[in-house]
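Scroll down for the structure; my scribbles are underneath it.
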Amino acid sequence: MTRSAARPSDWPIKVLAILKAGNTDAAIAQMKVAPSVKDLRQLKAALAAAKLPRMAAVEQVLDEQIALLEAPRLHRSP
Numbered sequence: 023m024t025r026s027a028a029r030p031s032d033w034p035i036k037v038l039a040i041l042k043a044g045n046t047d048a049a050i051a052q053m054k055v056a057p058s059v060k061d062l063r064q065l066k067a068a069l070a071a072a073k074l075p076r077m078a079a080v081e082q083v084l085d086e087q088i089a090l091l092e093a094p095r096l097h098r099s100p
């Protein structure tokens, strides 16, 4: 059995729910272990669409994690 399309990730929706609940520390911790750049970009878009109050620390960590995951690796995993 093969799948023709990848299933969309639930991760950005879950992290957005954490932010809406007001637990920014947990959301930041989740951002630091994000599965992929794609998920972080989806979270960034969801934050903009949600029109939540501006959270500078969250935005900063989000931008930093995107930059880190996009950067070339210095070494390969064993």
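Numbers 23 to 100, taken from this note's numbering, label the letters of the sequence shown in order.
The beta carbon of each residue, even a glycine, is placed where N, CA and C say it ideally should be.
As the structure is a prediction and not an experimental result, all values here were calculated from the model.
In terms of Cβ geometry, Ile50 and Ala79 form a close pair [threshold 9 Å]. Under a 10 Å Cβ-count criterion, Pro34 is classified as buried, with 16 or more other Cβ atoms of the shown protein chains found around its own Cβ.
Annotation for Leu84: Met53, Leu62, Leu65, Lys66, Leu69 place their beta carbon closer than 8 Å to its own, counting only its chain and skipping 5 residues before and after. By the neighbour-count definition (other C-beta atoms within 10 Å, threshold 16), Gln87 is a buried residue. Taken atom to atom, the span from the alpha-carbon of Ser58 to that of Leu38 is near 16 Å.
In this structure Lys42 touches Leu74 by the C-beta definition: roughly 7 Å separates them, less than 8 Å. Counting C-beta atoms within 10 angstroms of its own C-beta, Ala56 has 16 or more neighbours from the protein chains shown and is therefore classed as buried.
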